[in-house]
Structures are given as structure tokens and as C-alpha cells.
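Taking it in order: structure first as C-alpha cells, then the write-up.
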Amino acid sequence: MIDEQTPASRMRWWMNLWPPFLFQGIRITEIDSEFQFAVVRVRKTILTRNLMGSTFGGALFSAADPFFPILYWRYLALQGISSTCWSRAIRGEFVQPASRSVELRFAIDTDQLDHACSEMKSHGRVDLEDVVEARLPDGALAARFHVTSALRGKEPGSAPLPRSNSLD
170 MIDEQTPASR MRWWMNLWPP FLFQGIRITE IDSEFQFAVV RVRKTILTRN
220 LMGSTFGGAL FSAADPFFPI LYWRYLALQG ISSTCWSRAI RGEFVQPASR
270 SVELRFAIDT DQLDHACSEM KSHGRVDLED VVEARLPDGA LAARFHVTSA
320 LRGKEPGSAP LPRSNSLD
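When we follow my numbering, the leftmost residue of the sequence shown carries the number 170, and every step to the right adds one.
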């Protein structure tokens, strides 16, 4: 379904249908074709509301969790570096209740991307920390998340299975 060659538009489409996002009101509104930024919206719905009437913090964590590793993984693939990337740690600060839908804008600057590429080429691994903010429609800060992404080069011979042998 999604691999190192999947274009951003198809990745966005598949991820928006992924049940953990679909049922938590998480919608990817934009992914850059160069995988340097993404915009994600968490809708406040009956399924995402907590006891106090604001958006459940778990839905916000779910929205913040995978995107930096995904952006790094696909950006590195565009640079010819085959890797495995995941969220090593995530820390959240809830500033105020998310009383309405929120938007998270994930962006990785060029210096960070250059650092990731050079570390992967020289050491085959790197851990990077990025920050994403969840903002209300009026621009007010609802939450801030610190995401540590673990990037590891694939071992020689660990190329993905050919499509015909894929388990997808």
C-alpha cells in the first residue's frame, strides 16, 4: 500500500482512510511532494470529545505521533537512502482545552534535513527532535508536542519485497 515510492497524494489518500485516523477525526489536508511539510487537522466530533467537551488528548497525540518519522522516511528515500523511521519518544504539553478543531503543521527545515542525510550516510542512524503545535482556528495554542524520530539505515540485503511477494 505505502512504500518508499508512494507519491504524497496517494499516501495522503490512504492515510486518511486508515481506521485509527478515520475514527479519531484526523485528516491529512496536505503533504508536500518533497516531504518537507504536512498539515493535519483533528476535528472535534462526538467520537473525539472527552468528558469535559474538548477534543480528547489521545486524538491529538495520535495526530502528532507519526508525521515527522514519515516525512523523514520519504525525504530520505527521495535522496536514495533506504531507512526505517519511527517515533522514539513523544512529549506533549496541553496549554488549553481544544474546544474546537485543531490544526498541526509539521515542517522540517533544510538544515535539519541536511543533518539527517549526512548522519545517515556517515553513521547509518540518527535521532532527531522536532516540535509541532496544535492550534485552534483563531491561532491560539492548544498543545505542543516534542517528537523524537529514530532514523535507521536498512541493512544491506534488506530491500523491500517485490510487489508480487508483498504481504500487503
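Cβ atoms here follow ideal geometry from the backbone N, Cα and C, with glycine treated the same way.
Asked: Close-in-space but distant-in-sequence residues of the same chain around N219 (CB under 6 Å, 5 per side omitted); Found: F225
Asked: Own chain, CB closer than 6 Å to Q205, minus 5 neighbours either side, in chain order; Found: I277
Asked: Classification of L330 by the beta-carbon crowding that lies within 10 angstroms, buried from 16 upward; Found: Any reading at L330 must be qualified, since the residue scores a pLDDT of 42, below 50, and its modelled position is unreliable; the value itself is stated next. Counting Cβ neighbours within 10 Å, L330 comes out exposed, since fewer than 16 surround it.
Asked: Residue of Y241, M289, G308 minimising C-alpha distance to V316; Found: Y241
Asked: Residues that T253 bridges to, as DSSP identifies them; Found: R321
Asked: Proximal residues to I197 (C-beta, below 7 Å), its chain only, five neighbours per side dropped; Found: R181, M184, N185, A207, V209
Asked: 6 Å CB neighbourhood of R243 in its chain, flanking five on each side removed; Found: F204
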